[in-house]
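> My structure is below; once you've seen it, I'll send some questions.
Shown next as structure tokens:
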């Protein structure tokens with residue numbers, strides 16, 4: 051019984067990393083560009099200039115490499131910071 055419990059506890063970190071990685075990748079590979087969608091919503095459906103989209107991508111950190119964004123996302127989630135709401 052103790053061996054089973056120890057094995058289960060040792061696999062827990064890998065399981066947590068796997069779940070967070072899958073969640074992160076699903077969010078990042080969703081269709082559409084988050085910066086473009088945000089600016090279009092703010093402008094009442096009118097397309098934003100390319101420079102504005104690039105500036106917002108830089109501000110949101112969307113131009114950083116995927117591993118950097120994953121580490122930033124996980125560290126924020128561990129602190130309880132789940133990001134800014136794009137709706138409000």
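In the numbering used here, the protein residues as written are 51 to 138.
Note that the Cβ used here is the ideal one computed from N, Cα and C, for glycine as well.
In this text, all values refer to a predicted model and were calculated from it rather than measured experimentally.
Check whether the Cβ of residue 98 sits closer than 6 Å to any heavy atom of the ligand GTP, and report yes or no.
Among the components of this structure there are no ligands whatsoever, and the ligand GTP is therefore not found.
> Under 7 Å between the Cβ atoms of residue 120 and residue 74?
Yes; because the gap between Cβ atoms is below 7 Å, this pair is in contact.
> So residue 59 is in the alpha helix (DSSP H); what residue range does that whole segment cover?
Residue 59 -> alpha helix (DSSP H) spans 52-78.
> CA-CA distance, residue 124 and residue 114?
Their backbone Cα atoms lie some 15 Å apart in a straight line.
> Anyone know if the C-beta pair for residue 89 and residue 98 falls short of 7 Å?
Yes, Cβ-Cβ distance for residue 89 and residue 98 is below 7 Å.
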